[in-house]
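Counting from 1 along the sequence shown, just add 806 to a position and that's the residue number in the working numbering. Note that the Cβ used here is the ideal one computed from N, Cα and C, for glycine as well. One structure is given here, and the rest of the page talks about it.
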Amino acid sequence: MKKRWKAGFTAVEMLVVVLIVSLLTAGIITVSGAAVNVRSNELFASESEELAMTLNTALGDMLHYATGVKTDGESQVVDLTNLNYGIKNGSFLLKNGQLYLNTTAATAENNRTLPLVSAGTYTNMKLESFRITYDKTENLFQGYYEIKGPGDNQKKTIDFVFRPMNQPEVVG
Numbered sequence: 807m808k809k810r811w812k813a814g815f816t817a818v819e820m821l822v823v824v825l826i827v828s829l830l831t832a833g834i835i836t837v838s839g840a841a842v843n844v845r846s847n848e849l850f851a852s853e854s855e856e857l858a859m860t861l862n863t864a865l866g867d868m869l870h871y872a873t874g875v876k877t878d879g880e881s882q883v884v885d886l887t888n889l890n891y892g893i894k895n896g897s898f899l900l901k902n903g904q905l906y907l908n909t910t911a912a913t914a915e916n917n918r919t920l921p922l923v924s925a926g927t928y929t930n931m932k933l934e935s936f937r938i939t940y941d942k943t944e945n946l947f948q949g950y951y952e953i954k955g956p957g958d959n960q961k962k963t964i965d966f967v968f969r970p971m972n973q974p975e976v977v978g
């Protein structure tokens with residue numbers, strides 16, 4: 807009698823192959839997801855630093871040459887005057903995740919809000935909070951803002967301190 811060999815795989819062999827392919831696919835998907843998260847977090851870190859540097863430059867230009875400050879009585883800055891930039895009684899405004907400067911008193915017919923930096927600087931990030939105070943004894947503007955990225959864990963708080971070139975006139 808001759809032995810006959812059948813070509814093909816048994817059901818057990820096919821099950822083992824499917825199991826191995828499934829494990830490899832799950833591993834690749836897990837590693838790919840982790841790589842996408844790392845890339846997203848690294849991109850946020852880089853772009854948020856760039857946004858912070860740009861905002862700090864714009865804020866520094868405004869605050870270094872401030873000639874007048876109005877506070878709420880507890881050092882919170884309400885209005886800012888910078889005659890070098892033609893701003894009298896301007897105020898910072900956080901709107902739609904961006905920082906604006908009101909250059910005049912906002913009214914229905916004359917609302918002059920100017921972006922502190924262009925919208926393209928923000929990419930997919932938003933500012934969630936902004937606070938600025940003035941300490942007249944130390945002659946310092948201090949504050950912070952929070953940058954929020956698209957991910958749930960992408961949030962960064964930036965603290966800033968600027969000293970005006972001259973002692974601004976303080977009201978409040």
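For residue i, the three-state DSSP class (helix, strand or coil)
{"i": "Val923", "result": "coil"}
{"i": "Tyr940", "result": "strand"}
{"i": "Asn959", "result": "coil"}
{"i": "Asn930", "result": "coil"}
{"i": "Glu975", "result": "strand"}
{"i": "Ser881", "result": "coil"}
Residue range of the unbroken alpha helix (DSSP H) whose run includes residue i
{"i": "Thr831", "result": "817–870"}
Selection from the options that minimises the alpha carbon distance to residue i
{"i": "Gly949", "options": "Ile964, Gly833, Gly896, Asn972", "result": "Ile964"}
{"i": "Asn890", "options": "Asn902, Leu907, Ala872", "result": "Ala872"}
{"i": "Met859", "options": "Ala832, Asn888, Val923", "result": "Val923"}
{"i": "Phe966", "options": "Ala817, Gly839, His870, Glu848", "result": "His870"}
{"i": "Phe947", "options": "Gly866, Val822, Ala840", "result": "Gly866"}
{"i": "Pro974", "options": "Leu920, Asp885, Glu853, Phe815", "result": "Asp885"}
{"i": "Leu988", "options": "Val824, Val977, Ile953, Val823", "result": "Nothing about residue 988 can be reported from this structure: the residues present for the chain run from 807 to 978 only."}
{"i": "Thr919", "options": "Thr943, Ile893, Thr929, Thr877", "result": "Ile893"}
Under 8 Å between C-beta atoms of residue i and residue j
{"i": "Gln904", "j": "Leu933", "result": "yes"}
{"i": "Phe968", "j": "Tyr951", "result": "no"}
{"i": "Val883", "j": "Ile835", "result": "no"}
{"i": "Gly874", "j": "Thr887", "result": "yes"}
{"i": "Gly978", "j": "Thr877", "result": "yes"}
Nearest-angstrom Cβ-Cβ length linking residue i and residue j, presumed shorter than 8 Å
{"i": "Thr927", "j": "Leu857", "result": "6 Å"}
{"i": "Ser881", "j": "Asp941", "result": "6 Å"}
{"i": "Ser854", "j": "Met931", "result": "6 Å"}
Span of the beta strand (DSSP E) around residue i
{"i": "Ser897", "result": "893–901"}
{"i": "Tyr950", "result": "946–954"}
{"i": "Gln904", "result": "904–908"}
{"i": "Asn890", "result": "First-last for Asn890: undefined, no H or E at that position."}
{"i": "Gly874", "result": "874–877"}
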